[in-house]
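S.K.:
Numbering (our numbering), first residue to last: 13 to 393.
The structure is reproduced here in structure tokens:
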């Protein structure tokens, strides 16, 4: 198999081509198992010298990597392989970064946008390690490519990481909030109207946009949340405004096409887009970090709203189970006496078994810390 970046050069290149070809054959025949690391063809790459593994990464992550073999889900499988073999640092060079970040000058096709998004997401740490080690001239060559990639990718957390790397993280990037739903438009209006300094508003935007698309935030995100809280003159005021925006946001209807032997389209009622859902989860968790008593009733109402079922007939679903969970967690994270009250009131408003279990666990944890219910609250408050 010919390397995307040019002719084969040296022993490492030949070894990498052999290993990648074996992985491609595996993908084409039977796909990749859930335990990617245990697949023999992938293990062979992991056990190879770093230089060979680096060449394997470059071969799989080329500009047209998603076209290397047939199959509807092939690009997703390649990304899964990349995410495993790129976990350990390999020392990417300037030429490597230029090859990985190369984009056509014309407007990207949807599949190209998805591909660069996935590449930046899984190779983000490799890029973060490599770019600072380049000399000034090399950074000048790579920086425009990073900025173009940050403007094209559909992963706000990855875009924030890239902009921090290139020194543009202090700019207020309102485009990190999607405008395809009412919630996004309201959130953006709150930050635009905030009297907080530009540096603080940019930091808030970057923090909330960097909330992971799946799973829970790590220690680094929480540490940054503490730092951002310190930058704000009135953190509770801004957090309250963002929560009010989420509470006041209207649902919208999205049309989608049917598949297989069905024809035509259907309409689904939604609350937020996927990107803005993560932004809202970050908003809720940041409110927990701010830990102001006035935010707790808002978080409780947001949990109730997010857990409520919307839609019609076969397309009924909770607005956002993830946001409901994040809001309940934020109430507990605040660690205030009123947290127990709000969780108890929330418990009486929720029917979801998974969320109820989380709420009761949080109540028990707060009770173990000596926090008890200070007053009786009306569930409608």
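All C-beta atoms in this analysis are idealised placements derived from N, C-alpha and C, irrespective of residue type, glycine included.
Give me the residue from 317, 334 and 35 with the minimum Cα distance to residue 362.
M.R.: Mapped onto the chain shown, residue 362 falls at position 350. Comparing Cα positions, the closest option is 317.
S.K.: Which whole-angstrom value describes the C-beta separation of residue 262 and residue 194, a residue pair presumed to lie in contact below a C-beta threshold of 8 Å?
M.R.: Taking the chain shown and counting its residues from 1, one reaches residue 262 at position 250. Taking the chain shown and counting its residues from 1, one reaches residue 194 at position 182. Between residue 194 and residue 262 the Cβ distance is about 5 Å, and since that is below 8 Å, they are a contact.
S.K.: So, under 8 Å CB-CB, residue 146 and residue 106 are touching, yes? Tell me the CB distance rounded to an integer number of Å.
M.R.: Stepping through the chain shown from its first residue, residue 146 is reached at position 134. Stepping through the chain shown from its first residue, residue 106 is reached at position 94. Taking 8 Å as the upper bound for CB-CB distance, residue 146 and residue 106 are in contact here, some 5 Å apart.
S.K.: Report the option in 240, 64 and 54 whose CA atom is closest to the CA atom of residue 96.
M.R.: Residue mapping note: residue 96 aligns to position 84 of the chain shown, counting from 1. With distances taken between Cα atoms, residue 96 lies closest to 54.
S.K.: Determine whether the beta carbon atoms of residue 251 and residue 307 lie at a separation below 8 Å.
M.R.: Residue numbering aside, residue 251 sits at position 239 when the chain shown is read from its first letter. Residue numbering aside, residue 307 sits at position 295 when the chain shown is read from its first letter. Closer than 8 Å, so yes.
S.K.: Would you mind giving the Cβ-Cβ distance between residue 295 and residue 348, rounded to the nearest angstrom? I have them listed as a contact below 8 Å.
M.R.: Indexing the chain shown from 1 puts residue 295 at position 283. Indexing the chain shown from 1 puts residue 348 at position 336. Residue 295 to residue 348, Cβ: 18 Å. No contact.
S.K.: Taking all protein chains shown into account, do 16 or more other C-beta atoms lie within 10 angstroms of the C-beta of residue 283, making it buried, or fewer, making it exposed?
M.R.: What you label residue 283 is simply residue 271 of the chain shown in a count that begins at 1. Buried, by the Cβ-count rule.
S.K.: Using three-state DSSP, classify residue 153 as helix, strand or coil.
M.R.: Here the question's residue 153 lines up with position 141 in the chain shown. Helix, per DSSP.
S.K.: Closest to residue 10 by C-alpha separation, out of 142, 365 and 351, would be which residue?
M.R.: The structure shown does not extend to residue 10, since the chain spans only 13 to 393, so no value can be given for it.
S.K.: Tell me where the alpha helix (DSSP H) around residue 197 begins and ends.
M.R.: Numbered from 1 along the chain shown, position 185 holds the residue referred to as residue 197. It spans 194-205 - the alpha helix (DSSP H) in which residue 197 sits, taken as one unbroken run.
S.K.: What did DSSP end up calling residue 16 once you bin it into helix, strand or coil?
M.R.: By one-based count along the chain shown, residue 16 stands at place 4. Only weak support is given to the placement of residue 16: the predicted model assigns it a pLDDT of 43, under 50, and the value that follows is read from those uncertain coordinates. Residue 16 falls in the coil class under three-state DSSP.
S.K.: Given that a residue counts as buried once 16 or more other Cβ atoms are within 10 Å of its Cβ, and exposed if not, what is residue 373?
M.R.: On the chain shown, position 361 is the one that residue 373 refers to. So residue 373 counts as exposed.
S.K.: Please confirm if the region 229-249 is in contact with the region 194-203, defined as three or more CB-CB distances below 8 Å between the two stretches.
M.R.: no
S.K.: Using the Cβ count rule (16 or more neighbours within 10 Å means buried), how would you classify residue 118?
M.R.: Residue numbering aside, residue 118 sits at position 106 when the chain shown is read from its first letter. Exposed: under 16 other Cβ atoms inside 10 Å.
S.K.: In this structure, does DSSP put residue 330 in helix, strand or coil?
M.R.: Position 318 of the chain shown, counted from the first residue, corresponds to residue 330. Shown here, residue 330 sits in a strand according to DSSP, grouped into three states.
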